[in-house]
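Each number in the working numbering corresponds to the 1-based position in the sequence shown with 2 added. All C-beta atoms in this analysis are idealised placements derived from N, C-alpha and C, irrespective of residue type, glycine included. Quick caveat, the model's predicted, so the values are computed rather than measured. To keep things clear, I will list the structure first and then write my remarks on it.
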Amino acid sequence: MEKDNRNLEKIISLFETHSVEKANSYINEGWVLLNIHTTDYGHPVERHQKTVFTLGWNGEKGEVKVPRNRFE
Numbered sequence: 003m004e005k006d007n008r009n010l011e012k013i014i015s016l017f018e019t020h021s022v023e024k025a026n027s028y029i030n031e032g033w034v035l036l037n038i039h040t041t042d043y044g045h046p047v048e049r050h051q052k053t054v055f056t057l058g059w060n061g062e063k064g065e066v067k068v069p070r071n072r073f074e
């Protein structure tokens, strides 16, 4: 049986992004998706929404890894 990496007691670092691509790149490094929610902003009549992805690093995996910027 696979371990549940979402155990919040083991999360040592958090990352939030609005970008699906960036969220996927963190997941590919071993981060776990903890939450997805939307935010509303703008004029009350013409609301805009953004999706927010919250990811966490499980400390049992060792040192925190972040994706390399492909433009470096």
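What's the C-alpha gap between Met3 and Thr40? Note that Met3 scores 49 on pLDDT, short of 50, meaning its location in the model is unreliable; the coordinates nonetheless yield the value given after this. Using only the alpha carbons, I get a separation of about 32 Å.
Exposed or buried, what is Asn60 when buried is set at 16 or more other beta-carbons lying within 10 Å of its beta-carbon? Label assigned to Asn60: buried.
Where Val68 falls: helix, strand or coil (DSSP): Note: Val68 maps to coil in three-state DSSP.
Nearest-angstrom Cα distance between Ile14 and Gly58? A straight line joining the alpha-carbon of Ile14 with that of Gly58 spans about 7 Å.
Sort Val54, Lys63, Arg70 by Cα distance to Ser21 and report the nearest one. The option with the nearest alpha carbon to Ser21 is Val54.
Assuming Pro69 and Glu31 make a contact with CB atoms under 8 Å, what is their CB distance in whole Å? The beta carbons of Pro69 and Glu31 sit about 5 Å from each other, so the pair counts as a contact at 8 Å.
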